[in-house]
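Data block below; observations after.
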């Protein structure tokens, strides 16, 4: 489990990014981390890996089989060995994939070479070309494959689908869904909501340094319904309505217990425009 | 500290830096050859006796060794490589120790070996041109400990300062480090002059240099730790 306790963080003192941030993340799930630009998605991931330290409060990570929780800011080796972070921007050294593996794989005790080879095949990544000469999309695919092969308990990805072509996005979803184990937790920060649709188990929505939503897809399905109409609905309980091709889509409380597919983009827009009503429903 | 982690870091650095280091060593090899050639020509054709040992030491061995210390934390130049390095699953002590060991011990060894090879090869080549000239044996590059301990103390202090500044400065680390060392040396010189300290007369004053080097290295460790925040 990952726990944020009253975390404060700022880059410059007058502009706090997180104030008294509380968040709980369970293992065995894939989380989608959503938020508008500048809400602190990347910062949250950097705090989780210990690349940034909270100014106040604490962040703890506890593995299911561990007796005690560890704090990323202390950078214990046993925790660093169990975290893989895919940043949005990265620089590869001028080495081939083969050499990169010789350099880096040994640092991760659970590294699975067979899985990496399989994923590299699936993603069509050349093994002999120097990594810094690969296209941005191919570099990203290699990093995703490497991250999955590390088999770390904590896998954090910042905009992993940025730069991937359409077939690769589909392969990315397949790779994540089919290669995770129960003890692992994945947090994917993204603006491309449709890329992680049908992949994630839970959603975290950030706005102005606060968590507006931290909920399972199943819970969302139980609490709200997504209704498509040709006309704008006249119901009083409509929480949010948006124009779509051929009509309107609305979010209403699920009072009839009818399960509808969660439209992530609509849900995110609802939280960012009608945060108060939406948050009350999920309290 | 774990020996396994140290070996992993050494292996990683070997793959990452073998090519740039090879360039430095090749430059050192030819620089040594060039110095030997010029010195021999001066000696054989004009009878000018040059202190070859000092020239090679000052213009090839020491600069190469110091340059490596200044560039010890090359990945700090870019935020991507910096965070990738700092997030490596090993302790700060291991990271610090490996880099210090590489640029101080390992590199000194390979610099001396390269110089020795250059000396051996180039003296043979030069002999073909000026067979009447005799050459000093290689042992001149390995001075007696008692005679050179003070000299080495100064170089070691410079090396430690460059290593420290290499951690402090993210961008253009090598240039900023060299500039900082020049500045520090200037200030130290002024302080010694102003306080009229005569270090030469203090018995075993060179120990101060070694102690200072250790202090600078300890400080560099805490600077690396601070970098992680």
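Protein chains in written order, with the working numbering: chain D, 22 to 304; chain P, 30 to 258.
Every residue, glycine too, gets a C-beta built ideally from N, C-alpha and C.
If we ignore side chains and look at the alpha-carbon of each, how far apart do residue i and residue j end up?
i: residue 93/P; j: residue 204/P; result: 14 Å
i: residue 185/P; j: residue 131/P; result: 14 Å
i: residue 243/P; j: residue 133/P; result: 13 Å
i: residue 151/D; j: residue 234/D; result: 42 Å
i: residue 41/P; j: residue 293/D; result: 45 Å
i: residue 304/D; j: residue 295/D; result: 15 Å
i: residue 229/D; j: residue 128/P; result: 41 Å
i: residue 305/D; j: residue 117/P; result: Chain D is shown only over 22 to 304; residue 305/D falls outside these bounds and no answer can be derived.
i: residue 185/D; j: residue 95/D; result: 34 Å
i: residue 212/D; j: residue 36/P; result: 40 Å
i: residue 98/P; j: residue 188/P; result: 6 Å
i: residue 275/D; j: residue 227/D; result: 23 Å
i: residue 232/P; j: residue 138/P; result: Because the pLDDT of residue 232/P is 48, which lies under 50, any placement of that residue in the model is unreliable, and the number read from its coordinates should be weighed accordingly. Their backbone Cα atoms lie some 31 Å apart in a straight line.
i: residue 39/P; j: residue 263/D; result: 57 Å
i: residue 258/D; j: residue 302/D; result: 12 Å
i: residue 108/D; j: residue 238/P; result: 43 Å
i: residue 111/D; j: residue 206/P; result: 26 Å
i: residue 45/D; j: residue 135/D; result: 33 Å
i: residue 116/D; j: residue 174/D; result: 27 Å
i: residue 77/D; j: residue 30/D; result: 7 Å
i: residue 83/P; j: residue 198/P; result: 31 Å
i: residue 221/D; j: residue 49/P; result: 44 Å
i: residue 152/P; j: residue 65/P; result: 7 Å
i: residue 146/D; j: residue 201/D; result: 21 Å
Using a Cβ-Cβ distance under 8 Å, would residue i count as near chain P?
i: residue 260/D; result: no
i: residue 164/D; result: no
i: residue 124/D; result: yes
i: residue 120/D; result: yes
i: residue 28/D; result: no
i: residue 207/D; result: no
i: residue 46/D; result: no
i: residue 281/D; result: no
i: residue 116/D; result: yes
Could you give the residue range of the beta strand (DSSP E) that holds residue i?
i: residue 25/D; result: 23-33
i: residue 158/P; result: Careful: residue 158/P lies outside any beta strand (DSSP E), inside the alpha helix (DSSP H) at 136-158.
i: residue 78/D; result: 77-82
i: residue 228/D; result: 223-228
i: residue 40/D; result: 36-46
i: residue 176/D; result: 175-179
i: residue 209/D; result: 206-210
i: residue 87/P; result: Premise fails: residue 87/P is in no beta strand (DSSP E) and is neither H nor E.
Could you tell me which chain D residues have their CB closer than 8 Å to the CB of residue i, listed as they occur along the chain?
i: residue 109/P; result: 108, 110, 111, 112
i: residue 119/P; result: 98, 101, 128
Taking Cβ-Cβ distances shorter than 8 Å, what residues in chain P pair up with residue i?
i: residue 72/D; result: 112, 115, 116
8 Å is my cut-off, CB to CB: does residue i come that close to chain D?
i: residue 257/P; result: yes
i: residue 156/P; result: no
i: residue 201/P; result: no
i: residue 44/P; result: yes
i: residue 128/P; result: no
i: residue 232/P; result: The predicted model places residue 232/P with a pLDDT of 48, which falls under 50 and marks its position as unreliable, so this point remains unresolved.
i: residue 145/P; result: no
Output the boundary residues of the alpha helix (DSSP H) element that contains residue i.
i: residue 273/D; result: No alpha helix (DSSP H) contains residue 273/D, which is instead part of the beta strand (DSSP E) from 268-274.
i: residue 215/D; result: 214-217
i: residue 263/D; result: That residue, residue 263/D, is in no alpha helix (DSSP H); its beta strand (DSSP E) goes 261-265.
i: residue 131/P; result: Residue 131/P -> no alpha helix (DSSP H), and no H or E assigned at all.
i: residue 200/D; result: 187-200
i: residue 257/D; result: Note, residue 257/D: premise wrong, no alpha helix (DSSP H); not H, not E.
i: residue 50/P; result: 32-70
i: residue 238/D; result: 238-244
i: residue 125/D; result: 118-125
i: residue 292/D; result: 285-294
i: residue 156/D; result: No alpha helix (DSSP H) contains residue 156/D, which DSSP labels as neither H nor E.
i: residue 63/D; result: 62-70
Listing by chain order, which chain D residues have their CB less than 7 Å from the CB of residue i?
i: residue 37/P; result: 127, 128
Quick one: which chain D residues come within Cβ less than 9 Å of residue i?
i: residue 40/P; result: 123, 124, 127
Checklist entry - Can at least three beta-carbon pairs, one atom from the region 54-74 of chain P and one from the region 154-169 of chain D, be found at a separation below 8 Å? => result Here the region 54-74 of chain P makes no contact with the region 154-169 of chain D; the two share fewer than three CB pairs at distances below 8 Å.
Item to check | Three CB pairs or more closer than 8 Å across the region 130-147 of chain D and the region 72-89 of chain D | outcome: No: the two stretches stay apart, fewer than three of their Cβ pairs being nearer than 8 Å.
Next on the checklist: Taking 8 Å as the cut-off, does the region 266-286 of chain D touch the region 243-257 of chain D (at least 3 CB pairs, one atom from each stretch)?
Outcome noted: With a cut-off of 8 Å, the region 266-286 of chain D and the region 243-257 of chain D count as touching, because enough Cβ pairs lie within range.
Checklist entry - With contact counted as at least three CB pairs below 8 Å, one residue from each stretch, are the region 84-92 of chain P and the region 132-146 of chain P in contact? => result Contact check between the region 84-92 of chain P and the region 132-146 of chain P: three or more CB pairs, one atom from each, fall below 8 Å, which counts as touching.
Checklist entry - Can at least three beta-carbon pairs, one atom from the region 189-201 of chain D and one from the region 25-37 of chain D, be found at a separation below 8 Å? => result Under the Cβ criterion (8 Å, minimum of three pairs), the region 189-201 of chain D does not count as touching the region 25-37 of chain D.
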